[in-house]
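In what follows, a structure is listed as structure tokens, so that the remarks can point back to it.
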Amino acid sequence: MRETPVPDLTYPPLTVAGLSEAELLERIFPRLNRGPETNDSLLLGPGDDAAIVAVPDGRVVLSIDTQVADQDFRLEWNNGYRSTGYDVGWKAAAQNLSDINAMGAHATSLVVSLTMPPETRVAWVEDFADGLTAGIRELGATQCSVAGGDLGRGSELAVSVAILGTLDGRAAVLRSGARPGDTVALAGTVGRAAAGLALLESGPNVSTLTREQRGLMDTQCRPQPPLAAGPLACEAGATAMMDISDGLVRDGNRLAAASHAVLNLDPAALRQLAEPLKPASVLLGADAMAWVLGGGEDHGLLATFAAGRPLPAGFTAIGSVEAPASTDGAGVTIAGRRAESGGWDHFAN
Ligand SMILES: Nc1ncnc2c1ncn2[C@@H]1O[C@H](COP(=O)(O)OP(=O)(O)OP(=O)(O)O)[C@@H](O)[C@H]1O
Ligand SMILES: Cc1ncc(C[n+]2csc(CCOP(=O)(O)O)c2C)c(N)n1
Ligand SMILES: [Mg+2]
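The working numbering runs 151 ahead of the 1-based position in the sequence shown.
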């Protein structure tokens with residue numbers, strides 16, 4: 152659990168413009184890598200020109216993801232909630248750990264780059280470091296250390312994380328391996344982060360929200376990708392896998408296209424996924440099924456498994472893989488009918 156942050160009582164509040172880079176780093180370093188675990192693969196951590204990591208398996212899984220203020224989060228949302236540094240640090244960890252999870256791997260280290268306007272409070276940066284550390288540990292990525300990063304000044308607050316992972320000798324699970332007859336399965340949640348985003352953007356004031364509604368907001372601000380499920384799916388012989396960041400149908404279409412297949416989803420399974428989102432959808436006059444089909448950022452896993460195989464822990468069947476009727480017929484269908492895409496596109500949205 153999060154320790155109560157020490158309030159910044161200085162007035163005016165200390166901003167990053169009031170410290171040198173070295174002084175800011177001195178405040179960040181002690182907040183990183185605080186777990187009891189030791190990471191054998193980190194040979195040299197923060198403090199030099201670059202970090203050094205061992206790659207015992209001879210291969211490294213590598214990904215990068217960026218969050219920019221007002222594109223991926225807001226410092227102040229329309230419902231009055233203020234994203235804390237902790238939220239943004241947690242989400243930076245979660246969305247990057249998720250891409251490593253989606254390959255069937257586990258994360259070993261990451262580097263983080265922070266671009267900040269000069270008026271950013273030092274307390275916010277410290278909170279960011281705490282959130283990054285907590286996200287890694289509490290999501291279960293106990294082998295992952297923060298190997299280093301970069302600080303810079305800019306007109307927008309932006310956070311980039313590049314992450315490394317290992318497959319421990321296994322073959323990765325790609326998007327391209329789904330075959331007709333396979334079961335389509337989901338681990339983690341879908342639609343909760345989208346419902347949370349709707350509450351943040353247009354919902355009633357944050358102070359009036361119920362526990363359940365706060366929980367949806369929390370999924371948007373501090374997502375909980377199912378990190379045990381990726382390596383488990385890999386060990387269980389998943390034929391294809393990806394994480395759902397842009398929406399079940401949009402991401403499903405990507406997996407389907409890579410596999411030259413149709414993912415035919417079961418409407419009853421989809422209705423079950425929409426059910427817990429109903430109260431929030433009624434409150435906002437929104438469509439719970441649209442959140443299930445189009446909502447990104449829960450970072451659940453969409454995977455396929457050979458028919459008849461028991462699904463690994465955490466996965467539920469939501470459909471089956473079929474052969475496309477024509478060469479350009481790959482995509483997602485619901486009970487045989489082509490699904491509308493929806494979902495997130497950085498340039499179209
Ligand atoms: N600027 C770029 N240059 C080269 N490759 C890129 C670039 N942007 C994205 N890619 C590659 O395109 C593919 C899709 O990128 P994308 O960021 O959509 O990944 P994703 O896993 O689908 O999304 P998310 O990071 O939200 O999980 C990835 O393999 C990524 O490495
Ligand atoms: C202020 C604000 N507006 C919109 C959204 C929604 N959003 C942003 S990025 C993304 C997909 C994943 O991105 P990526 O592919 O870069 O990981 C989604 C669904 C948000 N979170 N905050
Ligand atoms: Mg991904």
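Every residue, glycine too, gets a C-beta built ideally from N, C-alpha and C.
- When C-alpha distances from Leu444 are compared across Ala379, Gly388, Gly493, Gly240, the shortest belongs to Gly493.
- By the neighbour-count criterion, in which a residue is buried when 16 or more other Cβ atoms sit within 10 angstroms of its Cβ, Val212 is buried.
- In this chain, the beta strand (DSSP E) harbouring Ala454 covers 452–456.
- Residue nearest to Leu434 within the set Met440, Ala458, Leu350 is Leu350 (criterion: CA-CA distance).
- In the three-state DSSP reduction, Ser477 falls in the coil class, being neither helix nor strand.
- Here Gln423 is exposed. Its C-beta has fewer than 16 other C-beta atoms within 10 Å.
- In this chain, the beta strand (DSSP E) harbouring Ile314 covers 309–317.
- Cβ contact annotation for Glu352 (same chain, cutoff 8 Å, sequence separation greater than five): Trp228, Asn229, Asn230, in chain order.
- At a Cβ-Cβ threshold of 9 Å, Thr390 and Gly328 count as neighbours.
- In the DSSP assignment, Ala258 falls within the unbroken beta strand (DSSP E) covering 257–267.
- With 16 or more other Cβ atoms from the protein chains shown falling within 10 Å of its own Cβ, Pro463 counts as buried.
- Between Gly398 and Arg362, the alpha-carbon positions lie close to 25 Å from each other.
- Closest in C-alpha terms to His257, from the list Arg288, Val310, Trp275, Ser410, comes Arg288.
- In the three-state scheme derived from DSSP, where H, G and I count as helix and E and B as strand, Ala298 is classed as strand.
- Between the alpha carbons of Trp442 and Gly169 lies a distance of about 43 Å.
- Pairing Gln246 with Pro377, the inter-Cα distance amounts to about 11 Å.
- In this structure, Ala243 and Val312 form a Cβ contact; the two beta carbons are roughly 5 Å apart against a cut-off of 8 Å.
- The distance from the Cβ of Gly316 to that of Val263 is about 15 Å, inconsistent with a contact at the 8 Å cut-off.
- Look at which beta carbons fall closer than 6 Å to any heavy atom of ligand 3; those residues are Asp250, Ala253, Met393, Asp394, Ser396.
- Ranked by Cα distance from Tyr162, the first of Pro355, Val273, Leu226 is Val273.
- A straight-line Cα-Cα distance of about 45 Å links Thr266 and Pro475.
- In this structure, ligand 1 has a non-hydrogen atom nearer than 8 Å to the beta-carbon of Ser214.
- In the structure shown, Asn356 falls within a coil segment according to DSSP collapsed to helix, strand and coil.
- Under DSSP, Glu227 shares a beta bridge with Arg233.
- Taking all protein chains shown into account, Gln371 has 16 or more neighbouring C-beta atoms within 10 Å of its C-beta and is therefore buried.
- Separation of Pro197 and Ser260 (C-alpha to C-alpha, rounded to the nearest whole angstrom) is 11 Å.
- For Thr334, the number of other beta carbons within 10 angstroms of its own is at least 16, and it is reported as buried.
- In this structure Asn190 is not in contact with Asp394, their Cβ atoms being roughly 23 Å apart against a cut-off of 8 Å.
- Boundaries of the alpha helix (DSSP H) around Leu444: 439–445.
- Selection Asp438, Met392, Cys385, Val483 evaluated against Asp417 yields Val483 as nearest (Cα-Cα).
- Under the DSSP definition of a beta bridge, Leu213 partners with Leu315.
- Arg343 and Asp238 do not touch by the CB rule: their CB atoms are close to 15 Å apart, not below 8 Å.
- Annotation for Asp402 indicates a beta carbon within 8 Å of some heavy atom of ligand 1.
- Annotation: Ala205 is outside any beta strand (DSSP E) and is labelled neither H nor E by DSSP.
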